Amino acid sequence: MPSLASAAEPTADARRRAGRYVAVETQAVAMREMVPTSFLGFDGALAIGNETFALRLGGALLGAPSFQLASNEVSNVLTYGLADVCAGKTESMHRIRFCVGGEVGGWAHRWTGYGRPDRRYSSHVAGTVKGDYQYAFTDKLGLLLGVGVTVPGVGPQFRGRDQLGRPTPILIPGPVAASVRIGASFRFR
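Taking this note's numbering, I'd label the letters of the sequence shown as residues 8 to 196.
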């Protein structure tokens with residue numbers, strides 16, 4: 008028969024779920040539909056919270072191969088800061104988490120060809136919805152697999168001028184972008 012003292016003590020798993028944690032998360036990201044080519048890059052964030060709720064603050068750097076626009080080729084780099092509010096459920100070594108957040112940053116456009124670019128830099132503001140799964144190898148190290156949807160509120164519109172100075176058609180990126188993520192989480196406490 009267990010004693011009253013041992014019955015009142017929480018298990019290690021219960022203590023871990025109830026306590027605060029701080030983790031660094033890094034992920035490789037592949038994103039499609041923001042521009043006519045796929046973006047590849049990475050993001051990193053500091054996650055602070057507990058096993059049920061967390062706040063993620065970080066940033067990302069993504070690049071895309073060039074695409075053709077009239078007589079120009081346009082390549083892009085996207086950098087942004089991110090903030091996510093997350094809710095999750097943890098069972099043993101498995102965690103499922105859903106996050107809602109936002110991104111604020113900028114695009115750098117590199118135009119090559121005969122025409123003149125409309126702009127070299129653009130702003131980026133977007134809302135995001137993400138989901139991820141974490142498998143914890145140890146109390147400190149875990150594997151992250153995730154998906155996300157990004158809805159840009161402010162983004163680039165591409166318009167250049169051809170070699171005769173005529174404006175090219177305006178190219179407006181897709182209204183929604185999807186992403187796939189794989190990465191790691193390192194927990195400090």
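The beta carbon of each residue, even a glycine, is placed where N, CA and C say it ideally should be. Because the structure is a prediction, the values reported are computed rather than measured.
*Hey, how far is the Cα of residue 10 from the Cα of residue 194?*
If you number the sequence shown from 1, residue 10 lands on position 3. If you number the sequence shown from 1, residue 194 lands on position 187. Residue placement at residue 10 is flagged as unreliable, the pLDDT there being 48, under the threshold of 50; the coordinate-derived value follows with that caveat. As the crow flies, the alpha-carbon of residue 10 is around 34 angstroms from that of residue 194.
_Rounded straight-line distance, which links the Cα of residue 57 to that of residue 71_ = In the sequence shown, the residue the question calls residue 71 occupies position 64. In the sequence shown, the residue the question calls residue 57 occupies position 50. Straight-line Cα distance between these residues: approximately 35 angstroms.
*Do residue 186 and residue 160 have their C-beta atoms closer together than 9 angstroms?*
Position 179 of the sequence shown, counted from the first residue, corresponds to residue 186. Position 153 of the sequence shown, counted from the first residue, corresponds to residue 160. No, these two residues do not count as a Cβ contact at 9 angstroms.
*Distance, Cα to Cα, residue 126 vs residue 139?*
Residue numbering aside, residue 126 sits at position 119 when the sequence shown is read from its first letter. Residue numbering aside, residue 139 sits at position 132 when the sequence shown is read from its first letter. About 36 angstroms.
*Bounding residues of the beta strand (DSSP E) (the contiguous stretch that carries residue 53)*: Mapped onto the sequence shown, residue 53 falls at position 46. Per DSSP, residue 53 is one residue of the beta strand (DSSP E) stretching across 46-56.
*Give me the Cα-Cα distance between residue 112 and residue 132, rounded to the nearest whole angstrom.*
Along the sequence shown, one-based indexing puts residue 112 at 105. Along the sequence shown, one-based indexing puts residue 132 at 125. The alpha-carbon of residue 112 is positioned some 7 angstroms away from that of residue 132.
*What does a CB cutoff of less than 7 angstroms around residue 65 pick up in its chain, not counting 5 residues either side in sequence?*
Taking the sequence shown and counting its residues from 1, the one referred to as residue 65 is at position 58. Contacts found: 50, 51, 52, 53 and 89.
*Among residues of its own chain, excluding the 5 on either side of residue 27, which ones have a beta-carbon nearer than 6 angstroms to its beta-carbon?*
The sequence position of residue 27 within the sequence shown is 20, counting from 1. Answer for residue 27: 57, listed in chain order.
*Give every residue of the same chain whose Cβ lies closer than 6 angstroms to the Cβ of residue 44, excluding the five residues on either side of it in the sequence, and list them in chain order.*
On the sequence shown, residue 44 is found 37 positions in, with the first residue counted as 1. Taken in chain order, the residues that qualify are 71, 72 and 74.
*Check residue 100 in the structure and name its three-state DSSP category.*
Locating residue 100 in the sequence shown gives position 93, where the first residue counts as 1. The answer is coil: DSSP assigns residue 100 none of H, G, I, E or B.
*With which residues is residue 86 paired in a DSSP beta bridge?*
Taking the sequence shown and counting its residues from 1, the one referred to as residue 86 is at position 79. Residue 86 pairs with 68 and 113.
*If you draw a straight line from the alpha carbon of residue 157 to that of residue 142, how long is it in whole angstroms?*
For the purposes of this step, residue 157 is taken as the residue at position 150 of the sequence shown. For the purposes of this step, residue 142 is taken as the residue at position 135 of the sequence shown. In a straight line, the C-alpha of residue 157 is about 24 angstroms away from that of residue 142.
*In angstroms, rounded to a whole number, what distance separates the CA positions of residue 135 and residue 190?*
Numbered from 1 along the sequence shown, position 128 holds the residue referred to as residue 135. Numbered from 1 along the sequence shown, position 183 holds the residue referred to as residue 190. Roughly 18 angstroms between the two C-alpha positions.
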